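In this note's numbering, the protein residues as written are 90 to 192.
Where is the CB? At the ideal position from N, CA and C, for every residue including glycine.
Fair warning: this is a prediction, and the values are worked out from it, not measured in the lab.
In what follows, a structure is listed as structure tokens, so that the remarks can point back to it.
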Ligand SMILES: [Zn+2]
Ligand SMILES: [Zn+2]
């Protein structure tokens, strides 16, 4: 969490009532800590769902031509013409760039 006023990292500090408050050296205090936590959890679970969906595809060693990440999801599409080789598709794990390879 960062201070919306000055951009510094907020430090959790218990107040007089024992509640955890995020406060900043500039005097800014964030009071709705619990509300933020709930929002973050919702966001996380949504991300997990997306990942699970993509895990149906095998993750293999392939270098992304865009960001040079070395892991990509991989699948093969067989074209209708039987004399043609299947097309290999890759999707970068990191930047989601999709590319194909003919062999
Ligand atoms: Zn501040
Ligand atoms: Zn990439």
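- For residue 93, no beta strand (DSSP E) segment is defined, and its DSSP state is neither H nor E.
- Scanning its chain for C-beta atoms nearer than 6 Å, with the 5 sequence neighbours on each side dropped, one finds around residue 179 the residues 151, 161, 163 and 188, in chain order.
- In terms of side-chain proximity, the C-beta atom of residue 186 is found nearer than 7 Å to a non-hydrogen atom of ligand 2.
- For residue 187, the three-state secondary structure derived from DSSP is strand.
- If you check the C-beta of residue 160 against ligand 2, you find no heavy atom less than 7 Å away.
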